[in-house]
Amino acid sequence: VHMSNQLRYAINNQEFQLYYQPQIDLSTDKIIGIEALIRWIHPEKGFISPMEFIPFAEETGYIGEIEEWVLKTACKQKKLWKENGYDDIKISINLSSKMLTQPNLVPNIRKILEMYYIKCGDIELEITETAVIDNLEKAIEVLHQLREFAITIALDDFGTGYSSLTYLQKLPIDILKVDRGFISNIDTEEEECYILKTVIDLAHNLGLKVVAEGIETKEQLDFLKRNGCDIGQGYYFSKPVPVEDIESLLKEKT
Ligand code: G
Ligand code: G
Ligand code: MN
Ligand code: NA
444 VHMSNQLRYA
454 INNQEFQLYY
464 QPQIDLSTDK
474 IIGIEALIRW
484 IHPEKGFISP
494 MEFIPFAEET
504 GYIGEIEEWV
514 LKTACKQKKL
524 WKENGYDDIK
534 ISINLSSKML
544 TQPNLVPNIR
554 KILEMYYIKC
564 GDIELEITET
574 AVIDNLEKAI
584 EVLHQLREFA
594 ITIALDDFGT
604 GYSSLTYLQK
614 LPIDILKVDR
624 GFISNIDTEE
634 EECYILKTVI
644 DLAHNLGLKV
654 VAEGIETKEQ
664 LDFLKRNGCD
674 IGQGYYFSKP
684 VPVEDIESLL
694 KEKT
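Laid out in structure tokens, this is it:
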């Protein structure tokens with residue numbers, strides 16, 4: 444069967460799940476946010492990576508429905524966490540580059556947040572550099588609209604795309620997520636991590652907070668703390684896990 448039929452079926456048949464990965468405030472060691480990451484558990488093929496099916500969903504137009512499902516599911520979960528006493532946790536959602544130029548994106552997001560009584564300040568959207576560079580003026584306009592009602596915007600995978608410092612200054616964003624390639628360098632050439640140090644300073648000078656992705660070792664964590672990185676995420680703290688497992692982490696680390 445063609446993959447587009449399978450995507451259609453997957454949406455109807457609830458084959459998608461969200462996994463969750465904590466984001467740690469490096470000054471307090473507490474969980475301050477959770478990134479939602481989609482998983483497709485296919486009944487025959489098993490696990491299919493989003494790196495495989497998201498680009499396909501973008502091409503075939505299913506991405507809108509999938510992202511809507513992600514947003515609703517994450518908001519529903521956020522509401523449950525809140526009811527269980529974990530109120531200050533922000534939820535981060537990856538937004539496909541194709542979504543940023545959808546005509547009704549902002550009102551649609553707003554509707555979903557209202558449906559689950561989510562305060563806008565509790566939601567963060569992660570976008571990639573390619574998403575904004577493809578259509579810079581439109582992207583800037585949409586990002587402004589989202590931030591007007593207090594949704595925070597993170598620029599994901601920073602340093603991997605065609606980053607230009609000009610974009611950084613123009614984009615209405617709150618957070619810079621430094622790609623894990625920079626973090627894995629720390630182990631082998633700590634003395635030479637000038638770029639990473641400089642990116643952290645640059646972000647701060649632009650009024651942005653810095654999230655380091657892909658922290659796997661204590662050495663990486665210590666380096667990032669010494670150099671003023673604000674937030675950390677990675678296997679060192681926890682892999683992305685199903686919802687049952689994130690709750691025990693919340694108990695421990697909030
Ligand atoms: O979690 P994992 O490393 O398998 O994710 C692989 C890629 O898929 C990452 O680039 C991640 O940003 C992306 N991804 C995960 N969940 C979503 C989602 O809900 N929407 C979009 N657009 N991308 C996602
Ligand atoms: O592009 P984005 O940053 O959204 O992708 C997140 C991806 O990174 C997810 O697929 C997640 O599984 C993966 N990831 C998260 N933490 C780590 C880590 O510490 N090491 C590695 N190698 N991958 C990670
Ligand atoms: Mn991300
Ligand atoms: Na990333």
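If you count by UniProt numbering, then the sequence shown holds residues 444 to 697, one letter each, in order.
Cβ atoms here follow ideal geometry from the backbone N, Cα and C, with glycine treated the same way.
Since the structure is predicted, the reported quantities are computational estimates derived from the model, not experimental observations.
Original post:
Quick one: is the Cβ of GLU569 within less than 6 Å of any heavy atom of ligand 3?
Top reply: Residue 569 sits at position 126 when you count from the first residue of the sequence shown. Checking the Cβ of GLU569 against ligand 3 gives yes.
**OP:** Go ahead and label ASP565 buried or exposed: buried means 16 or more other beta carbons lie within 10 angstroms of its beta carbon, across all protein chains shown.
**Re:** As a working note, residue 565 is residue 122 in the sequence shown. By the neighbour-count rule (16 or more Cβ atoms within 10 Å), ASP565 is buried.
Original post:
For ASP600, is the classification buried or exposed, using 16 other Cβ atoms within 10 angstroms of its Cβ as the cut-off for buried?
Top reply: Here residue 600 refers to the residue found at position 157 when the sequence shown is read from its first residue. The residue in question, ASP600, is buried, as its Cβ has 16 or more Cβ neighbours within 10 Å.
Original post:
Starting from TYR686 and walking both ways along the alpha helix (DSSP H), at which residues does that stretch end?
Top reply: Indexing the sequence shown from 1 puts residue 686 at position 243. Tyr is not the amino acid found at residue 686; the sequence shown has Val there. Where VAL686 is concerned, the enclosing alpha helix (DSSP H) stretches over 686-696.
Subject >> VAL513 CB to nearest heavy atom of ligand 1 below 6 Å >> reply: Translated into positions along the sequence shown, residue 513 becomes position 70. Yes, Cβ of VAL513 sits closer than 6 Å to a heavy atom of ligand 1.
Original post:
Quick one, which of LEU645, LYS554 and ILE596 has its alpha-carbon nearest GLU478's?
Top reply: In the sequence shown, residue 478 corresponds to position 35, counting from 1. That would be ILE596, whose Cα lies nearest to the Cα of GLU478.
Original post:
In three-state DSSP terms, what is LYS562?
Top reply: Indexing the sequence shown from 1 puts residue 562 at position 119. Of the three classes helix, strand and coil, the one that applies to LYS562 here is coil, per DSSP.
Subject >> For ILE475 and ILE532, believed in contact at Cβ under 8 Å, the rounded distance >> reply: Taking the first residue of the sequence shown as position 1, residue 532 is located at position 89. Taking the first residue of the sequence shown as position 1, residue 475 is located at position 32. Rounded, the Cβ-Cβ distance is 7 Å, consistent with contact.
**OP:** From the DSSP output, read off the bridge partner residues of TYR605.
**Re:** Taking the sequence shown and counting its residues from 1, one reaches residue 605 at position 162. Paired residue(s): none; TYR605 is not in a bridge.
Original post:
Since GLY604 and THR573 are thought to touch, with beta carbons under 8 Å apart, how far apart are those beta carbons, to the nearest angstrom?
Top reply: Reading the sequence shown from its first residue, position 161 is the one you call residue 604. Reading the sequence shown from its first residue, position 130 is the one you call residue 573. GLY604 to THR573, Cβ: 5 Å. Contact.
Original post:
What three-state label does DSSP hand ASN547 in the structure shown?
Top reply: Counting from one through the sequence shown, the residue named residue 547 turns up at place 104. Residue state, collapsed to three classes: coil.
**OP:** Determine the extent of the alpha helix (DSSP H) in which ALA478 is found, giving its start and end residues.
**Re:** Position 35 of the sequence shown, counted from the start, is the residue given in the question as residue 478. Looking at the sequence provided, one finds Glu at residue 478 rather than Ala. Taken as a continuous stretch (DSSP letters only), GLU478 belongs to no alpha helix (DSSP H), being part of the beta strand (DSSP E) at 473-485.
**OP:** Please classify LYS620: does DSSP put it in a helix, a strand, or coil?
**Re:** For the purposes of this step, residue 620 is identified with residue 177 of the sequence shown, where counting begins at 1. Correct three-state label for LYS620: strand.
**OP:** Identify, in the order they occur along the chain, each residue of the same chain with its Cβ nearer than 7 Å to the Cβ of LYS668, setting aside the five sequence neighbours on each side.
**Re:** By 1-based counting over the sequence shown, the position of residue 668 is 225. So the qualifying residues of the chain are LEU469.
**OP:** To the nearest angstrom, report how far apart LYS620 and LEU598 are at their CA atoms.
**Re:** Residue mapping note: residue 620 aligns to position 177 of the sequence shown, counting from 1. Residue mapping note: residue 598 aligns to position 155 of the sequence shown, counting from 1. Going by the C-alpha atoms only, they are around 6 Å apart.
Original post:
Within this structure, are the beta carbons of THR544 and ASN578 separated by less than 7 Å?
Top reply: Here residue 544 refers to the residue found at position 101 of the sequence shown. Here residue 578 refers to the residue found at position 135 of the sequence shown. Against a cut-off of 7 Å, the Cβ pair of ASN578 and THR544 comes out as a contact.
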